[in-house]
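Everything in the sequence shown is counted per the UniProt record's numbering, starting at 1 for the first residue and increasing by one.
We treat Cβ as the ideally placed atom computed from N, Cα and C, and that holds for glycine.
For reference, the structure is listed below as structure tokens.
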Amino acid sequence: MLAKELPFPTKLKTRKHAMPQAEARHIHVEDETLCAELKSKIQNGEDFSEVAKTHSICPSSQQGGDLGTFGPGQMVQEFDSVVFSTNLNEVQGPVKTQFGYHLIEVTSRTD
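Laid out in structure tokens, this is it:
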């Protein structure tokens, strides 16, 4: 039996389901008081990247706290809720997670 033309299109149309993505950097410390002090330093003009390199206990400190690009659910809930709801380029925190305290700055986000 020979194949006949199919009664439906053979080219599939795909719909892109873009997941929200964010780029952020953070400073991770164990003490809430220190976290608040570091936020004040940044708000008074100190460079976020330099503060991260000097004080953050996260391996990302070597990149100035840069976490790269990630989507919802890739970070702990407390972190995600800040990253995917806050204004860009504003330092948020202290944010408490199971790992300690964080200052978070979202540098870009797609919805």
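What three-state label does DSSP hand residue i in the structure shown?
i     : result
Glu50 : helix
His28 : strand
Leu67 : strand
Taking only the alpha-carbon atoms, compute the straight-line gap between residue i and residue j and give it to the nearest angstrom.
i     : j     : result
Val51 : Gly65 : 9 Å
Val95 : Arg25 : 13 Å
Thr97 : Asn89 : 21 Å
Cys58 : Val29 : 8 Å
Gly73 : Gly45 : 32 Å
In the DSSP assignment, what residue or residues form a beta bridge with residue i?
i      : result
Gly100 : Thr97
Ala22  : Phe70, Arg109
Gln92  : Ile104
Restricting to Cα atoms, I'd like to know which of the options is closest to residue i.
i           : options                    : result
Cys35       : Phe70, Tyr101, Gly73       : Tyr101
Thr110      : Leu103, Ser85, Ser60       : Ser85
Glu23       : Gln43, Ser61, Asp47, Gly68 : Gly68
Gln63       : Ile27, Glu37, Met19, Gln21 : Ile27
Met75       : Phe99, Gln43, Phe48        : Phe99
residue 118 : Asp80, Val82, Val91, Phe79 : In the structure displayed, the chain extends from 1 to 111; residue 118 sits before or after that span and is not available.
How far does the alpha helix (DSSP H) with residue i in it reach, from first residue to last?
i           : result
residue 118 : In the structure as shown, the chain begins at 1 and stops at 111. Residue 118 is therefore absent and cannot be evaluated.
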